[in-house]
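All remarks here apply to the structure that follows.
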Amino acid sequence: MLALAPADGAVHELDAAGLDPVALQLGLRARVGDELDQWRISIEAGQDGRYELALTGPGHANTERRTVELNGQTETDRSRELASILAVIIESAEANEPNEPSEPDLADRSQPPAASPERPRGFMLIEGHVGLGPPRAIDPGLGVGLGAGAWLLGEHLQPRVRVRWSHGWAGEIDVHQADAGLGLAAGAPVARGQLWLGILAMPVIKWTHAEQLKSATAWAGGGELGALAQLRLGHLVMGVRTGVETTFPALRARGTQDVLRWGHVRWLLTLEIGLTIPKKSELPR
1 MLALAPADGA VHELDAAGLD PVALQLGLRA RVGDELDQWR ISIEAGQDGR
51 YELALTGPGH ANTERRTVEL NGQTETDRSR ELASILAVII ESAEANEPNE
101 PSEPDLADRS QPPAASPERP RGFMLIEGHV GLGPPRAIDP GLGVGLGAGA
151 WLLGEHLQPR VRVRWSHGWA GEIDVHQADA GLGLAAGAPV ARGQLWLGIL
201 AMPVIKWTHA EQLKSATAWA GGGELGALAQ LRLGHLVMGV RTGVETTFPA
251 LRARGTQDVL RWGHVRWLLT LEIGLTIPKK SELPR
């Protein structure tokens, strides 16, 4: 553990896992100045982004202990967030020191803004996909789409909505399909929240237009069922989905010489990239 010792003997133990001790030290000094040298501060990393804080102020025999949860995605973000929390605690203790407030009052007044309920974080993205099958006729379908969703309930649920266009062909047969779906993914964040893994189920309604010498249209139902992985880097989201796509009734477009078949069950691979929607607390002021 790295200990930064000011001249008066106070010790700052700021080198906890997942934090940048230099950024944390600089952030604290920018907020409380030389008053930081009067405090003994110790930080220990817990689980799921939680940290145990121990603070002892000048002339205080008792050590104040806190448990906080940090939401930053990088070491620098978490260090800045923790610097703000520690500054609030120190400034509140200084403001109340002449009156020697009771501990419940001090805790109430020094409660950091990060303790407010976590708000859902949304995202918007574009996607590209390829579908193949059935095995006896792998007639491919390629396309692009737009989607949106949010991470809810501790980021364990992810409702999603999407619209998509697909294109397929067989000889001179040309097929275009538009579909819209509303689904739900269930999973959990891993790797300090940067990676989200889950399973997606999405019912879909489809409209298809096929053309050769003549044209025809058809409506169908179906859906998507598969695995989902998302990499979250700051406000950037990149993802991959793979699984099966269903269509009922199956699509069969027959021309003068060729036939295109999109069967009841097809393999589907989708790549997606987009941006998270900033929470109110993340918007510039």
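Its first residue numbered 1, the sequence shown is counted upward by one per residue in the working numbering.
Every residue, glycine too, gets a C-beta built ideally from N, C-alpha and C.
The structure displayed is predicted, hence computed values, not measured ones.
- Counting along the chain, ALA210 sits inside the beta strand (DSSP E) bounded by residues 195 to 211.
- In the structure shown, ILE138 adopts coil according to DSSP, grouped into three states.
- Around the C-beta of ALA210, 16 or more other C-beta atoms lie within 10 Å, and the residue is accordingly described as buried.
- Your pair GLY168 and LEU260 checks out as a contact, with CB atoms roughly 6 Å apart and the cut at 8 Å.
- The beta carbon of VAL163 sits closer than 7 Å to the beta carbons of GLY145, LEU146 and ALA180 from its chain, once the five residues preceding and following it are set aside; these are given in chain order.
- Residue state for GLY27 is assigned as helix, using DSSP reduced to three classes.
- Taking a 10 Å sphere around the C-beta of GLN212, we find 16 or more other C-beta atoms and assign the residue as buried.
- The DSSP-derived three-state label of ASP20 is coil.
- Taken atom to atom, the span from the alpha-carbon of ARG66 to that of GLY222 is near 51 Å.
- Contact between ALA250 and HIS264 holds, with the beta-carbon distance rounding to 5 Å and staying under 8 Å.
- For the pair TRP165 and GLY193, the Cα-to-Cα distance works out to about 32 Å.
- Taken through DSSP and simplified to helix, strand or coil, GLU172 comes out as coil.
- Between GLN177 and TRP196, the alpha-carbon positions lie close to 30 Å from each other.
- The distance from the Cβ of GLY18 to that of ALA45 is about 6 Å, consistent with a contact at the 8 Å cut-off.
- Taking the C-beta atoms as reference points, ILE277 is found nearer than 8 Å to GLY122.
- Counting only the Cα atoms, GLY234 lies some 33 Å from TRP39.
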